[in-house]
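Sequence positions in the sequence shown follow the working numbering and run 12 to 444.
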Amino acid sequence: MPDTPDVLGAVLAADPALRVRAVGDLYRLLLNQERVFPATAPAALVLAALLDDPRTLAEGEWERRAGRRPLRAELLNWLVSFADLTRLDGVEDGVGTARDLAAARAARPVLYARIAEFCDSEDLRVSEAALAATALLLADPALASSVPAYAPAVRKVLAVSVDSYYRWIARERLAAWGEDVAGLIAAEKEHRAALSRAQEVAENPFGEGQKQAIHWLEEQPEDTAAAEWMARRSEEWYGYAPAASYGPAPEPPVAAAGSEAGYLGPWRIAREEERAEWTFTPYVGVGPLHFGMTLEEITGALGERPAVCSYSRYGEDQELAYADFTESGIRALFHYDRLGCVAVDALTGPQVRLDAAPLTGCAPAGVEDWLAHRTTRPGSLRYSVGGDPVLPDLGLAIRFQRAGDTTLTRPLFLLRDWLDLWHSLPSDEWNSV
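Here you go:
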């Protein structure tokens, strides 16, 4: 991971691709896993000072959110995440040390003074992000006198945004300020229920109204909320109780024990102590890899050159499709020559966990039951045409891989654009058995 000064310098770089990676690196470096670090508050202050730089007007597509937006809006979204974390209750919530959290909170008045001026931007993408950050910063008791000035805009703008995270911020902040949010909660539930019903009809080729449902869904504006927030806060956002309330939770999945020491057959399964332990951040990356990396960057991060590279041809042009790293036990799949998916080998790949439960090299039924139970809203667990469980909120899919006479789980971690598994991934991935 790059040092903070390097990342901050790259944020305003001339190369658009470098800017995209820099903003993703900044988020991972300073706000990963809902924590603040010693450099988090200073970085937030520096970013806030950069907001009026003309170079922040450059538009692009960023790693954590769908759609195009100016760099200024994306930096403000980074500051939204920062402001949200400063409201948590301390070390016991995994926010970092007490000193780091105190430093982050102490920066709120300065950030408020810098960010609030962008709430009136003519660009809705900028004004919404600035208003969301401002609303969260107003949790600082020293800024409480400013609440009446912003509460109307929070209700009028954020509460009806196409971004579900902004809508959640509006409901949460308005409720904290003593305002009635019952109508907003009811509208959110109704909206989500309508989406769920339309999705069920659209996915049923034998039912009535499929074409109308598909057309209606296509007309709905795309939710631009960062996927990791959609996953972590779904119960609060959508008003649905977690699946656990409908019955006892199944036992978490258990990884296969692994082959006996010295076994060198074709179906050798790595033992627990042989597997690397990786974590993942939805739509950002997994282990040392983050989406948007080039093949060279992946090679450097893994310290291993690919054993196989495959290319797809488009007329006279060709694009990198995937690269296999056999020592690490992963396949890197590419989207326009940039990392868009990481497939973890069921037999020898790293162990990637979700809520401490293993996802790699497990019995498929156990993982599927566990994932189905932890879903928190209708539509958050879907299936590809091939029957693979898919969690769009996490950018996670579970495929199955042969291990002799049995099968084990092969998790895939994907960019938002690759959730249509059957049609979008290179065809070679479907030959992995």
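Where is the CB? At the ideal position from N, CA and C, for every residue including glycine.
Simplified DSSP state of residue i, which is helix, strand or coil
i    : result
Q223 : helix
I196 : helix
Y322 : strand
L405 : coil
L147 : helix
G397 : coil
R182 : helix
L423 : strand
T67  : helix
W289 : strand
G296 : strand
P317 : coil
T418 : strand
R125 : helix
A266 : strand
P163 : helix
F411 : strand
E214 : coil
E72  : strand
P120 : helix
A153 : helix
A170 : helix
A141 : helix
A209 : helix
A368 : strand
R244 : With a pLDDT of only 48 at R244, under 50, the local geometry of the prediction cannot be trusted, and the value read off the model is given with reservation. Of the three classes helix, strand and coil, the one that applies to R244 here is coil, per DSSP.
Start-to-end residues for the alpha helix (DSSP H) that takes in residue i
i    : result
D111 : 109 to 117
R385 : 375 to 385
A60  : 51 to 61
Cβ-heavy atom distance, residue i to the ligand COA, below 7 Å
i   : result
R83 : Of the ligands one can find in the structure shown there are none, so the ligand COA has no counterpart to examine.
Residue from the options with nearest C-alpha to residue i
i    : options                : result
P214 : R66, R393, A146, P400  : This sequence places Glu at residue 214; Pro is not what is there. E214 has its Cα closest to that of R393, out of R66, R393, A146, P400.
T108 : V297, L365, L425, V47  : V47
A334 : H346, G340, D328, S321 : S321
E262 : P152, P293, L382, L407 : L382
L306 : R427, A374, V353, G269 : V353
L185 : L313, K167, A117, H202 : K167
L425 : R342, A376, Q362, R208 : R342
L228 : Q210, G220, D234, A236 : Q210
L169 : P163, R178, G194, A162 : R178
T420 : V297, V265, V57, E284  : V265
C373 : D174, V355, R182       : V355
D111 : L96, P120, A204, A124  : L96
W188 : D151, A59, E308        : D151
S5   : D174, E201, L154, P120 : Residue 5 lies beyond the range of the chain shown here (12 to 444); nothing can be said about it.
R364 : A332, G340, L407       : L407
P277 : A357, V212, D380       : A357
P308 : A153, F345, R286, G340 : Checking the sequence shown, residue 308 turns out to be Glu, not Pro. Taking only the C-alpha atoms, the option nearest E308 is F345.
Backbone CA spacing between residue i and residue j [nearest angstrom]
i    : j    : result
W289 : S132 : 41 Å
R282 : A267 : 8 Å
T310 : R316 : 5 Å
P293 : H226 : 28 Å
P159 : L68  : 30 Å
V171 : D366 : 32 Å
D439 : Q412 : 14 Å
F336 : A114 : 42 Å
A312 : T51  : 24 Å
R427 : P403 : 8 Å
G303 : E190 : 42 Å
L300 : Q221 : 39 Å
L86  : A127 : 14 Å
Q329 : Y347 : 10 Å
E120 : A193 : Just to set this straight, residue 120 is Pro in the shown sequence, not Glu. If you take the alpha carbons of P120 and A193, they lie about 30 Å apart.
S92  : R279 : 43 Å
A198 : G397 : 35 Å
A205 : P53  : 43 Å
V319 : A146 : 50 Å
A143 : A272 : 55 Å
W429 : A155 : 43 Å
S207 : L432 : 20 Å
R410 : V57  : 43 Å
Residue i: first and last residue of the uninterrupted beta strand (DSSP E) it sits in
i    : result
D335 : 328 to 336
I10  : Since the first residue shown for the chain is 12 and the last is 444, residue 10 is missing from the structure and cannot be characterised.
V363 : 362 to 365
V353 : 349 to 355
F345 : 341 to 346
R79  : 79 to 81
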